[in-house]
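Colleague: Numbering (the UniProt record's numbering), first residue to last: 1 to 280.
For each residue, glycine too, the CB sits at the ideal point set by N, CA and C.
Please find one structure pasted underneath; my questions will follow.
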């Protein structure tokens, strides 16, 4: 018996003899972790949900908004450890919706920003399953506000690039390095900690100064958040020294230098974290 049969009743029969319509799927972005950064629409969806598929990056504090009788199914994917592969998650999501039950698909950050929400929405659309998307605050925005690094600034960055430092299996890091190394922009790399030495090497070899300000933000907006700053050349050694682990963001650009002025203000909101912010 498969997982769906264990947790889902058989599709209810419609009174007219036809198949019951599929349940609506609500794809919700849970934000970067702090439950107070959830949108009002997301909170309402969480409170109404009775069947939930949720990811690893959804914090326990966010799950507290669920009803105690909500059926919860963990499908988290950690670095090198996947409860279910993405194709199986999509298959499970489709089968649950076909049972006729409304389903909440809960993803960390924003589902459409490196959350594979686009792939899941495509699968639902292809199957004729109705769905709604509720955006969430992406990790880069949460980190920027929390640790005092503005993503844009007229003196330092006139553009912002969000990129992934972890590509599909077998593809390596074949990225547009020349674009990422352009001056006067902020680059935020998701899922890049394990590839940090190569990322820094490539950015420097494609034109960025080794002295470019850079930062690692670990567990942004959560109680054990850390921000480690230095130069692009120093960042891999700093990551080793401080034992940085995913989930963490890599931030590169002149805006990181502004943190020295803004972190006292940022620290007021998260006073217990002040001692955790390590600077090179």
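1) Give the DSSP bridge partners of residue 90, in chain order.
2) Would you say residue 148 and residue 24 are within 8 Å of each other, going by their C-beta atoms?
3) What is the DSSP secondary structure of residue 218, reduced to helix, strand or coil?
4) Per DSSP, what are the beta-bridge partners of residue 20 in this structure?
5) Distance, Cα to Cα, residue 145 vs residue 137?
6) When burial is assigned at 16 or more other CB atoms within 10 Å of the CB, is residue 48 buried or exposed?
7) Using only alpha-carbon positions, find the residue among 242, 177, 29 and 76 that is nearest to residue 142.
8) Within its chain, find whatever has a CB closer than 8 Å to the CB of residue 151; leave out the 5 residues flanking it on each side and keep chain order.
9) Give me, in chain order, the residues of the same chain whose beta-carbon lies closer than 6 Å to that of residue 206; leave out the 5 immediate sequence neighbours on both sides.
10) Rounded to whole angstroms, what is the Cα-Cα separation between residue 192 and residue 199?
11) Once the 5 residues before and after residue 13 are set aside, which same chain residues still bring their CB inside 6 Å of it?
Modeller: In this structure, then:
1) According to DSSP, which records beta bridges pairwise, residue 90 is partnered with nothing at all.
2) no
3) strand
4) Answer is none; residue 20 lacks a bridge partner.
5) 11 Å
6) exposed
7) 29
8) 140, 141, 144, 157, 160, 186, 188 and 255
9) 177, 178 and 181
10) 8 Å
11) With a pLDDT of 40 at residue 13, under the threshold of 50, the predicted position of this residue should be treated as unreliable, and no value is reported.
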